Amino acid sequence: MKVIIQRVRQASVTVDGLVISEIGRGLCVLVGIKANDTLADMEYM
16 MKVIIQRVRQ ASVTVDGLVI SEIGRGLCVL VGIKANDTLA DMEYM
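In my numbering, the protein residues as written are 16 to 60.
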């Protein structure tokens with residue numbers, strides 16, 4: 016499991032050319048989860 020937290024002026028999520036969500040100034044949190052990650056892994060993060 017990996018977590019990246021970035022401070023952003025603006026950010027958006029685009030899928031197949033369609034904007035799904037966007038924010039102004041704030042935090043962008045990217046989370047990567049594997050099939051074998053456990054609840055203990057999530058609690059550690």
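Just so you know, even glycine gets a beta-carbon here, dropped at the ideal spot from N, CA and C.
The structure displayed is predicted, hence computed values, not measured ones.
Item to check | L42 versus M60, S27 and D52, residue with shortest Cα-Cα distance | outcome: S27
Checklist entry - Measuring CA to CA, which of V46, M16, I38 and A50 is closest to Q25? => result I38
Item to check | Nearest-angstrom Cβ-Cβ length linking V30 and M60, presumed shorter than 8 Å | outcome: Actually they are not in contact, since the Cβ atoms of V30 and M60 sit about 24 Å apart, beyond 8 Å.
Checklist entry - Taking the Cβ atom as the reference point for each residue, do V46 and Q21 lie within a distance shorter than 9 Å? => result no
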